[in-house]
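Have a look at the structure below, then the notes.
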Amino acid sequence: MPLGVALINTVIWVVLYQFQWVTPEENGGMENVQAAEMLLSTFFFLVIVRSRGERLERVFFSSLALLCVTFFLREVDIEKLGFNPVITWLGSGFGRNLWLGVAWLVFLLIFSFHARKLCKIFLTWLNSLAGRTMLLAGLFFILAWPLDKNVFPISRLSAQFYEELLELNASILMLLSSCFSFLTRKE
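Note that the sequence shown covers residues 13 to 199 in the numbering used here.
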């Protein structure tokens, strides 16, 4: 099912691009959809955090929410949106890197103290449809990286379109993963 969604997503975006209804440019329609999907994914993972009773499950799903926030902030140029300077500082550049680094460090510290239990939670989740869908999303992000770095001898516009298309597939799969996790959550 997730591959089918990625295929349908690909066809839709190729058609939109062919008719010039979307652009792969920075802060264009393709990136805005990715950002929206990341925000929705964050929302679903945070709802799961609130509904889980066991503390380490909440920690695990909080880390998935932080992963989505990290990808969101990677896609959105906060400094160009005219927010309050504090929000701009927290959403871009050094400020963003600082607080994200601290947040990930906290998760690594918690993980180091509860590695066995968190690995069990992770492996159980990974064997679910939600986990396999997230792995597939990761594969799409990995495939997009060489296009971002101009590894292939294709035009910059083509590389940018294919990169955004792969990232759109990754973000929709992350959204699906969060939805699957949400639908199978324990109340």
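Glycine included, every Cβ here is placed at the ideal spot set by N, Cα and C.
For this session: Measure the CB-CB distance between F194 and F56 and report whether it falls below 8 Å.
Result: In the sequence shown, residue 194 corresponds to position 182, counting from 1. In the sequence shown, residue 56 corresponds to position 44, counting from 1. Yes. Within cutoff.
Problem set entry | Span of the alpha helix (DSSP H) around V34 | As a position in the sequence shown, residue 34 is number 22, starting the count at 1. Unbroken run through V34: none, as it is neither H nor E.
Problem set entry | Segment limits, alpha helix (DSSP H) that includes D160 | For the purposes of this step, residue 160 is identified with residue 148 of the sequence shown, where counting begins at 1. Unbroken alpha helix (DSSP H) run through D160: L141 to D160.
Exercise. L78 to L155, Cα distance in whole Å?
Worked result: Taking the sequence shown and counting its residues from 1, one reaches residue 78 at position 66. Taking the sequence shown and counting its residues from 1, one reaches residue 155 at position 143. Rounded to the nearest angstrom, the two C-alpha atoms are 22 Å apart.
Exercise. Distance, Cα to Cα, G103 vs E91?
Worked result: Mapped onto the sequence shown, residue 103 falls at position 91. Mapped onto the sequence shown, residue 91 falls at position 79. Answer to the nearest angstrom: the Cα atoms are 8 Å apart.
Exercise. Can the beta-carbon of F72 be found less than 8 Å from the beta-carbon of F134?
Worked result: For the purposes of this step, residue 72 is identified with residue 60 of the sequence shown, where counting begins at 1. For the purposes of this step, residue 134 is identified with residue 122 of the sequence shown, where counting begins at 1. In this structure, F134 lies closer than 8 Å to F72 by Cβ.
Exercise. Short check: CB of N21 to CB of L180, under 8 Å?
Worked result: Against the sequence shown, residue 21 aligns to sequence position 9. Against the sequence shown, residue 180 aligns to sequence position 168. Yes, Cβ-Cβ distance for N21 and L180 is below 8 Å.
For this session: For E176, I'd like the list of residues in its chain whose CB is within less than 6 Å of its CB, leaving aside the five on either flank, ordered along the chain.
Result: Translated into positions along the sequence shown, residue 176 becomes position 164. So the qualifying residues of the chain are P36 and M42.
Problem set entry | Reduced DSSP secondary structure (H/G/I, E/B, other) of L180 | Numbered from its first residue, the sequence shown carries residue 180 at position 168. In this structure, L180 counts as helix in the three-state DSSP scheme.
Problem set entry | Rounded straight-line distance, which links the Cα of G65 to that of K161 | Along the sequence shown, read from residue 1 onward, the residue named residue 161 stands at position 149. Along the sequence shown, read from residue 1 onward, the residue named residue 65 stands at position 53. Approximately 43 Å between the Cα atoms of the pair.
For this session: Assign T54 to buried or exposed, taking buried as 16 or more other Cβ atoms, counted over all protein chains shown, within 10 Å of its Cβ.
Result: One-based indexing of the sequence shown puts residue 54 at position 42. Answer is buried; the Cβ neighbour count reaches 16.
For this session: Kindly indicate which three-state DSSP category V163 falls into: helix, strand or coil?
Result: Taking the first residue of the sequence shown as 1, we reach residue 163 at position 151. V163: coil per DSSP, three-state reduction.
Exercise. Buried or exposed: which applies to S183, given that a residue is buried once 16 or more other Cβ atoms fall within 10 Å of its Cβ?
Worked result: Residue mapping note: residue 183 aligns to position 171 of the sequence shown, counting from 1. S183 should be labelled buried.
Problem set entry | Three-state class that DSSP yields for M13 in the structure shown | Your numbering for residue 13 matches position 1 in the sequence shown. In the structure shown, M13 sits in coil (DSSP, three-state: anything other than H, G, I, E or B).
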